[in-house]
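A.B. asks: Quick one: structure below, then a few questions.
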Amino acid sequence: MASGVAPKDHHSVYPAIAPENFIGALENKVALVTGAGRGVGKAIAFALAHAGAHVALLARTKSQLDEVAEEIKAKYNRNVLVFPVDATNQPDVAAAFEKAERELGKIDILVANAAIIVWRPFLYSDFNEDFKKIMDVNFTAPFFLIQLSVKSMHERKSGVVIAISSQGGILRFAATAAYSASKAALNTAIGVVQLELDAQGESGVQLYALSPGTVKTDMLGMYGLHEKDMEKMQPGSTKWWRDLHDSAADPPELCAQTCVYLATGKAKELRGRHIDAVKDIQSIVDQADIVKRENLYDMCVKELGR
1 MASGVAPKDH HSVYPAIAPE NFIGALENKV ALVTGAGRGV GKAIAFALAH AGAHVALLAR
61 TKSQLDEVAE EIKAKYNRNV LVFPVDATNQ PDVAAAFEKA ERELGKIDIL VANAAIIVWR
121 PFLYSDFNED FKKIMDVNFT APFFLIQLSV KSMHERKSGV VIAISSQGGI LRFAATAAYS
181 ASKAALNTAI GVVQLELDAQ GESGVQLYAL SPGTVKTDML GMYGLHEKDM EKMQPGSTKW
241 WRDLHDSAAD PPELCAQTCV YLATGKAKEL RGRHIDAVKD IQSIVDQADI VKRENLYDMC
301 VKELGR
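Heads up: the sequence shown begins at 1 in full-length UniProt numbering, then just goes up one per residue.
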């Protein structure tokens with residue numbers, strides 16, 4: 001059993017991450033947010049802009065991006081660029097990244113948020129439409145953008161990368177083999193990249209995997225739910241997922257403000273680890289010595305007798 005005091009769970013924005021604590025904290029920083037047209041990504045873009053950052057917004061739907069951009073400009077008077085780009089199209093993503101750095105300035109903060117999910121048991125899944133597509137969107141696409149960002153940040157010895165992950169990358173949920181594998185891969189890759197950067201000495205670049213909590217967004221909804229296949233696996237399982245969706249109570253702002261907290265460098269001692277936005281981040285930071293000594297909040301397998 002791990003040492004330390006368990007952090008309190010929060011299901012709303014709490015004092016340590018409250019927006020009023022970070023006004024101007026990211027002044028003149030440049031952030032790039034993927035999946036920024038709606039839901040959690042939209043909330044993250046707003047929160048970073050409120051803290052002072054200029055933002056580049058990337059998603060597939062231009063109308064949604066334009067709406068977010070106009071609201072940010074009106075509320076916070078920040079510079080905003082929109083990129084209606086498919087995150088899996090690497091040439092388009094690279095071009096967007098280059099333009100963002102050229103017109104807004106070097107990327108200081110990357111939040112890789114774009115993701116998809118399909119609720120479908122493994123036995124009935126289509127490899128290309130389910131497994132490969134999910135891995136392309138949820139792992140390959142963010143990792144490509146993470147590499148672009150880390151190379152730029154490493155040259156300046158400064159920057160923060162936040163990959164929006166999921167408890168599905170740690171826990172086991174039936175009918176999510178592809179999704180869970182994609183998030184587990186992302187969690188592990190974040191830790192490995194941080195390990196490599198730290199091996200070279202103080203790199204100044206911090207990477208985190210962050211679970212957003214249980215947020216009622218389109219992705220948690222039913223659009224990817226294969227009900228017949230779910231019922232073949234286990235009668236009643238569709239109702240379980242519907243109940244999960246209906247009970248989702250964590251606001252997107254909880255994740256968004258945690259991103260701001262991480263982007264300021266306040267959690268530097270936790271870099272390379274998986275954080276859950278529901279858990280009190282200040283409590284974890286205050287116990288960073290225990291976290292590092294016992295290697296907590298990582299993807300290591302705990303074995304008997306060790």
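A virtual CB, placed ideally from N, CA and C, is assigned to each residue, including glycine.
1) In or out: lysine 239 buried (at least 16 other Cβ within 10 Å) or exposed?
2) Could you spell out the range, first to last residue, of the alpha helix (DSSP H) harbouring phenylalanine 173?
3) Taking the continuous beta strand (DSSP E) assigned at serine 211, which residues delimit it?
4) Quick one: using the 10 Å Cβ neighbour count with 16 as the cut-off for buried, is phenylalanine 127 buried or exposed?
5) Please state whether DSSP places glycine 4 in a helix, a strand or coil.
6) Per DSSP, which one or two residues make a beta bridge with phenylalanine 83?
7) Within the same chain, show all residues whose beta-carbon is closer than 7 Å to that of alanine 94, passing over the 5 residues directly before and after it, in chain order.
8) Using three-state DSSP, classify isoleucine 146 as helix, strand or coil.
9) If I follow the unbroken beta strand (DSSP E) through valine 161, where does it start and stop?
10) Look at the alpha carbon of tyrosine 261 and the alpha carbon of tyrosine 14, and state the distance between them as a whole number of angstroms.
11) Evaluate methionine 1 with the Cβ neighbour count: other Cβ atoms within 10 Å of its Cβ, from every protein chain shown; 16 or more gives buried, anything less gives exposed.
12) Could you tell me whether any non-hydrogen atom of the ligand FAD is closer than 7 Å to the CB of glycine 168?
13) Check for me: the beta strand (DSSP E) holding aspartate 276 runs from which residue to which?
14) Any idea if proline 235 is buried or exposed, counting beta-carbon neighbours within 10 angstroms, 16 or more meaning buried?
15) Output needed for methionine 222: all residues of its chain with C-beta closer than 6 Å, excluding positions within five of it in sequence on either side, in chain order.
16) Measuring CB to CB, does valine 205 end up less than 8 Å from aspartate 108?
17) Alpha carbon to alpha carbon, how far is alanine 59 from glutamate 202?
18) For alanine 199, does the count of other Cβ atoms within 10 angstroms reach 16, so buried, or fall short, so exposed?
19) Going by beta carbon distance, what residues of the same chain come within less than 7 Å of glycine 4, once the five residues before and after it are set aside?
20) Hey, valine 118 and tyrosine 76 are a contact pair by Cβ (cut 8 Å); roughly how many whole angstroms apart?
21) Going by beta carbon distance, what residues of the same chain come within less than 8 Å of aspartate 280, once the five residues before and after it are set aside?
22) Apart from the five residues just before and just after phenylalanine 122, which ones in its own chain have a Cβ nearer than 7 Å to its Cβ?
23) Compute the Euclidean distance between the alpha carbons of leucine 81 and glutamate 303, then round it to the nearest angstrom.
24) Assign leucine 110 to one of three DSSP states: helix, strand, or coil.
25) Closest Cβ-Cβ distance between glycine 37 and chain B: below 8 Å?
C.D. replies: Here's the rundown:
1) Counting from one through the sequence shown, the residue named residue 239 turns up at place 239. Result: exposed.
2) Mapped onto the sequence shown, residue 173 falls at position 173. Segment: none, phenylalanine 173 is in no alpha helix (DSSP H) and carries neither H nor E.
3) The sequence position of residue 211 within the sequence shown is 211, counting from 1. That run of the beta strand (DSSP E) goes 205 to 211.
4) As a position in the sequence shown, residue 127 is number 127, starting the count at 1. When all chains shown are included, phenylalanine 127 counts as exposed.
5) Residue numbering aside, residue 4 sits at position 4 when the sequence shown is read from its first letter. It is coil, neither helix nor strand.
6) Here the question's residue 83 lines up with position 83 in the sequence shown. Phenylalanine 83 is bridged to Leu58.
7) Counting from 1 along the sequence shown, the entry for residue 94 is found at position 94. Counting only Cβ-Cβ distances below 7 Å, and skipping sequence neighbours, we find Leu148.
8) As a working note, residue 146 is residue 146 in the sequence shown. Reduced to three states, the DSSP call for isoleucine 146 is helix.
9) The count along the sequence shown starts at 1 and reaches residue 161 at position 161. Counting along the chain, the beta strand (DSSP E) containing valine 161 begins and ends at 159 to 164.
10) Against the sequence shown, residue 261 aligns to sequence position 261. Against the sequence shown, residue 14 aligns to sequence position 14. Near 12 Å, if we compare the C-alpha coordinates of tyrosine 14 and tyrosine 261.
11) In the sequence shown, residue 1 corresponds to position 1, counting from 1. Burial state of methionine 1 is exposed, judged by a 10 Å Cβ sphere holding fewer than 16 other Cβ atoms.
12) In the structure on display, the ligand FAD does not appear, and there are no ligands present to speak of.
13) For the purposes of this step, residue 276 is identified with residue 276 of the sequence shown, where counting begins at 1. Per DSSP, the continuous beta strand (DSSP E) segment holding aspartate 276 begins and ends at 274 to 276.
14) Working through the sequence shown from its first residue, we reach residue 235 at position 235. Looking at its Cβ environment, which holds fewer than 16 other Cβ atoms inside 10 Å, proline 235 is exposed.
15) Counted from its first residue, the sequence shown places residue 222 at position 222. Because the pLDDT of methionine 222 is 48, which lies under 50, any placement of that residue in the model is unreliable, and the number read from its coordinates should be weighed accordingly. Excluding sequence neighbours, methionine 222 sits near nothing in its chain.
16) Residue mapping note: residue 205 aligns to position 205 of the sequence shown, counting from 1. Residue mapping note: residue 108 aligns to position 108 of the sequence shown, counting from 1. By the CB criterion at 8 Å, valine 205 and aspartate 108 fall outside the cutoff.
17) Here residue 59 is taken as the residue at index 59 of the sequence shown, counted from 1. Here residue 202 is taken as the residue at index 202 of the sequence shown, counted from 1. Alanine 59 and glutamate 202 have their C-alpha atoms spaced approximately 33 Å apart.
18) What you label residue 199 is simply residue 199 of the sequence shown in a count that begins at 1. Alanine 199 comes out exposed.
19) If you number the sequence shown from 1, residue 4 lands on position 4. Closer than 7 Å at the Cβ level, and outside the excluded window around glycine 4, lie Gln287 and Ile290.
20) To locate residue 118, count along the sequence shown from 1; it is residue 118. To locate residue 76, count along the sequence shown from 1; it is residue 76. Contact between valine 118 and tyrosine 76 does not hold, since the beta-carbon distance rounds to 36 Å and is not under 8 Å.
21) Position 280 of the sequence shown, counted from the start, is the residue given in the question as residue 280. If we look at aspartate 280 and ignore the five residues flanking it on each side, its Cβ neighbours are Pro7, Lys8, Asp9, His10, Tyr14 and Ala16.
22) As a position in the sequence shown, residue 122 is number 122, starting the count at 1. The residues are Ala177.
23) By one-based count along the sequence shown, residue 81 stands at place 81. By one-based count along the sequence shown, residue 303 stands at place 303. C-alpha separation (whole angstroms): 48 Å.
24) Translated into positions along the sequence shown, residue 110 becomes position 110. The answer is strand: DSSP assigns leucine 110 an E or B state.
25) Chain labels in this structure do not include chain B; a single protein chain is all it has.
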